[in-house]
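Written below as structure tokens is the structure these notes are about.
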Amino acid sequence: STVVPNDFVSFFAEHLLVRTVFFNGAKAEQAWKKYVVPMSPALPDGFRCIRLPSTSPAHAGMSLHRKAEAWKVVRHEAVDSEKED
Numbered sequence: 797s798t799v800v801p802n803d804f805v806s807f808f809a810e811h812l813l814v815r816t817v818f819f820n821g822a823k824a825e826q827a828w829k830k831y832v833v834p835m836s837p838a839l840p841d842g843f844r845c846i847r848l849p850s851t852s853p854a855h856a857g858m859s860l861h862r863k864a865e866a867w868k869v870v871r872h873e874a875v876d877s878e879k880e881d
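In our numbering, the protein residues as written are 797 to 881.
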């Protein structure tokens, strides 16, 4: 395989307030589960993983409007996390 995952162990150690990971489509989520989860320590309680529709034009089964609506969760999560700080 040519997939080289990012170093999420170090990333999460340096960014303790990150509580949500968003995936740009099913392939990104599958890669996370295959390459990152096995080498990562347990994620904190309340940690969320959210798969969103791919932004790729090849994913034409969903209109741009519906994709944009689905992706609004990223903004809502960011605003909610700022309120908690």
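A virtual CB, placed ideally from N, CA and C, is assigned to each residue, including glycine.
Asked, Found
"Contact set for Ser850: own chain, Cβ-Cβ below 7 Å, skip 5 residues either direction", "Asn820 and Gly821"
"Expected contact under 8 Å - CB spacing of Val832 and Phe804 to nearest Å", "5 Å"
"Close Cβ partners of Pro801 (< 6 Å) along its chain, the five nearest in sequence each way excluded", "Tyr831 and Val832"
"Bounding residues of the beta strand (DSSP E) (the contiguous stretch that carries Phe807)", "Here Phe807 belongs to no beta strand (DSSP E); instead the alpha helix (DSSP H) covers Phe804 to Glu810."
"Bridge partners - Thr816, DSSP secondary structure assignment", "Arg844"
"Val799 in three-state terms, based on DSSP", "coil"
"Reduced DSSP secondary structure (H/G/I, E/B, other) of Leu860", "helix"
"Beta-carbon separation (whole angstroms), Arg815 vs Phe843, contact threshold 8 Å", "6 Å"
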